[in-house]
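Notes follow once the structure below has been shown.
Chains as they are written, first to last, in our numbering: chain A, 2 to 293; chain B, 13 to 351.
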């Protein structure tokens with residue numbers, strides 16, 4: 002027993018060494034982790050961090066350019082843009098995290114079942130996924146939100162729906178190549194049921210590539226949700242949300258009030274950028290060969 | 013050749029269930045849309061009886077399955093119903109606005125290829141160099157830009173600050189007459205008519221939205237080019253070509269790039285789908301009279317038929333495009349059809 006735990010120790014620490022090595026080699030990934038920390042801080046402590054109430058209007062100080070008092074300026078109702086941008090972090094991140102979590106769970110289950118049992122289940126699932134993928138995904142999300150009703154939950158469902166195929170395909174492929182592998186057959190011979198082999202022996206192998214997918218998807222989900230609220234679906238004003246703030250700011254850009262749209266847009270971009278960099282970095286850690 | 017034909021027919025057969033699924037989904041989606049089109053069509057002053065009458069006339073009182081059969085019958089006739097907001101047949105509205113969207117998407121894709129492919133080649137020939145890192149950061153930034161935000165930023169800089177671009181209000185300034193319609197693409201039509209002033213006007217209008225879309229599509233193309241070039245460059249035939257003493261340019265562009273282009277062409281199909289989706293946002297920002305802005309307007313007034321037609325048209329367009337790409341691929345690639 003002692004032997005085994007001693008053997009395990011170096012393996013775990015070499016994993017750490019590998020991760021640290023990759024981080025040192027790639028300062029961009031380190032930056033991405035730092036940015037992620039900042040966004041999480043904003044999401045958790047948001048309202049406590051900001052200097053003004055994001056909904057408080059002040060007609061006397063409307064449309065002021067950025068200053069020491071209002072870092073990002075004020076909007077047409079005199080609300081502080083900085084406070085609104087920071088507070089919106091929680092809403093935008095929750096939408097994308099909830100959507101990605103939903104598609105992760107549903108996609109993983111569908112993909113695992115199709116990859117393990119194959120047959121008609123697999124064929125039906127593939128046709129279904131093909132059909133979803135046949136739509137330009139943003140257009141499908143638009144249609145779903147319009148059909149189900151214009152609420153935040155439906156934005157989450159729509160975003161989850163269009164992301165499911167990516168997870169299902171990934172898991173299906175990973176499960177499929179391992180279902181007859183030696184270790185899976187050994188586990189079956191040892192008396193484990195199909196479900197147990199699938200869930201505990203085969204599926205965990207699909208997790209590393211899935212984590213990469215999650216990170217890339219999070220950025221994409223944020224873009225998607227912001228895009229939907231930009232065209233007036235989902236989140237409603239006066240709730241602070243990046244897409245709406247850019248849409249409202251767009252009306253003032255042709256008269257030169259650039260700060261209304263610029264800051265929420267930049268913040269949104271930074272968030273998506275963070276998740277994309279993180280995804281690339283995670284891929285380097287998980288599978289260095291796939292770097293592209 | 014017959015084997016190749018067999019493969020193409022198989023690929024066409026594969027597209028049929030997908031098309032059917034697309035029709036079913038777009039039907040179900042719009043049946044679930046909130047709002048009552050009968051009430052909308054009847055107008056605010058209508059009473060319950062006239063609403064019921066209109067509902068009957070539109071076939072909305074029948075069971076869902078029967079409505080679907082009606083829908084299929086109408087589709088076969090090319091009838092997508094009447095748009096409640098414009099009063100025109102949806103098919104006609106879409107056909108009228110489709111060229112605007114296609115022109116924008118194609119110009120953007122062309123622009124994007126012109127930048128992304130050389131960038132990918134440069135990054136692949138110098139892996140790990142500063143240009144490789146620059147390529148990585150640039151493409152990640154490009155894909156992180158919300159298209160609507162990029163568009164607004166470009167409008168601010170080039171219209172408000174520099175005054176170089178015209179007002180972001182559609183395809184052509186009202187100073188010019190639209191060219192006589194041949195292809196529906198203003199750039200082509202104006203050139204055919206020899207109306208170079210209108211051509212210049214149309215070109216000026218399309219530059220900003222096209223750049224906006226192109227920035228968004230740069231990333232996947234550049235990435236794919238880089239990856240495909242890397243694998244092509246490590247192939248045996250490149251080593252042989254090097255050993256035979258061929259020049260660097262001949263090896264890179266004559267052999268490696270030609271082989272790397274096949275996966276890039278496949279990626280273009282996917283990128284086209286992305287840009288069709290992003291089109292909706294870009295068209296809204298630039299007031300571009302394409303089918304994307306048509307759909308957004310229709311969504312706001314819960315115009316069933318128009319949204320349904322739009323979603324369906326987009327999906328059908330995309331399925332057919334991928335079909336064409338796959339067939340072209342089968343025709344070009346000598347390896348397919350032999351195995």
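Beta carbons are placed, not taken as given, at the ideal position from N, Cα and C, and that holds for glycine.
- If you look at residue 189 (chain A), you'll find it in the alpha helix (DSSP H) that goes 183 to 190.
- Distances from the CA of residue 30 (chain B) to each of B:279, B:329, B:340, B:339 were compared; the closest alpha carbon is that of B:329.
- With a minimum length of 4 residues, the unbroken runs of alpha helix (DSSP H) contained wholly in the stretch 97 to 157 of chain A fall at 120 to 134, 138 to 149.
- Annotation: the continuous alpha helix (DSSP H) that includes residue 285 (chain A) extends over 260 to 287.
- By the Cβ-count criterion, residue 252 (chain A) is exposed, with fewer than 16 other Cβ atoms from all chains shown falling within 10 Å of its own Cβ.
- Taken in chain order, the unbroken stretches of alpha helix (DSSP H) that lie wholly in the stretch 187 to 246 of chain A and span 4 residues or more are 208 to 231.
- The residues 79, in chain order, have a CB closer than 6 Å to that of residue 60 (chain A) in the same chain once the five nearest residues on each side in sequence are set aside.
- For residue 285 (chain B), at least one C-beta of chain A is nearer than 8 Å to its own C-beta.
- For residue 121 (chain A), the number of other beta carbons within 10 angstroms of its own is below 16, and it is reported as exposed.
- Interface residue (Cβ-Cβ distance to chain A less than 8 Å): residue 191 (chain B) is not classified as such.
- Bounds of the alpha helix (DSSP H) holding residue 115 (chain B) are 102 to 137.
- Note on residue 157 (chain B): 16 or more other CB atoms within 10 angstroms of its CB, so buried under the neighbour-count rule.
- Interface annotation, residue 137 (chain A): in contact with chain B, CB-CB separation under 8 Å.
- Non-local beta-carbon contacts of residue 208 (chain B) in its own chain, meaning distances under 8 Å to residues more than five positions away in sequence, involve 202 in chain order.
- Of the other Cβ atoms in all chains shown, fewer than 16 fall within 10 Å of the Cβ of residue 193 (chain B); this residue is therefore exposed.
- Residue 278 (chain B) carries a helical assignment under DSSP once its states are collapsed to helix, strand and coil.
- Looking at the backbone, the Cα of residue 255 (chain A) and that of residue 165 (chain B) are separated by about 10 Å.
- Residue 68 (chain B) sits exposed, since fewer than 16 C-beta atoms from the chains shown fall within 10 Å of its C-beta.
- Looking at the DSSP output, residue 81 (chain A) sits in a beta bridge with A:75.
- By the neighbour-count criterion, in which 16 or more other beta carbons inside 10 Å mark a residue as buried, residue 338 (chain B) falls on the buried side.
- Taking CB atoms only, residue 208 (chain A) has no neighbour in chain B less than 8 Å away.
- Contact annotation: in the stretch 45 to 75 of chain A, no residue has its CB less than 9 Å from a CB in chain B.
- For residue 213 (chain B), the enclosing alpha helix (DSSP H) stretches over residues 208 to 245.
- Per DSSP, residue 41 (chain A) is one residue of the alpha helix (DSSP H) stretching across 28 to 50.
- In the three-state DSSP reduction, residue 94 (chain B) falls in the strand class (E or B).
- Put simply, the stretch 136 to 146 of chain B does not touch the stretch 173 to 193 of chain B. Fewer than three CB pairs are less than 8 Å apart.
- Across the set B:64, B:136, B:113, the C-alpha of B:136 shows the shortest separation from the C-alpha of residue 240 (chain B).
- For residue 152 (chain A), the closest Cβ of chain B is not nearer than 8 Å.
- Remark: fewer than three beta-carbon pairs, one from each stretch, lie closer than 8 Å, so the stretch 261 to 274 of chain B and the stretch 75 to 92 of chain B are not flagged as touching.
- Between residue 300 (chain B) and residue 308 (chain B) a beta carbon distance of about 11 Å is seen, past the 8 Å cut, so the two are scored as non-contacting.
- Unbroken alpha helix (DSSP H) stretches of 4 residues or longer found wholly inside the stretch 266 to 334 of chain B: 269 to 297, 303 to 312, given in chain order.
- If you draw a straight line from the Cα of residue 75 (chain A) to the Cα of residue 276 (chain A), it comes to about 28 Å.
- In terms of Cβ geometry, residue 226 (chain B) and residue 141 (chain B) do not form a close pair [threshold 8 Å].
- Linking residue 54 (chain A) to residue 160 (chain A) through their CA atoms gives a straight-line distance of about 30 Å.
- Taking a C-beta distance under 8 Å as the contact criterion, residue 143 (chain A) and residue 204 (chain B) do not qualify as a contact pair.
- Taking all protein chains shown into account, residue 34 (chain A) has fewer than 16 neighbouring C-beta atoms within 10 Å of its C-beta and is therefore exposed.
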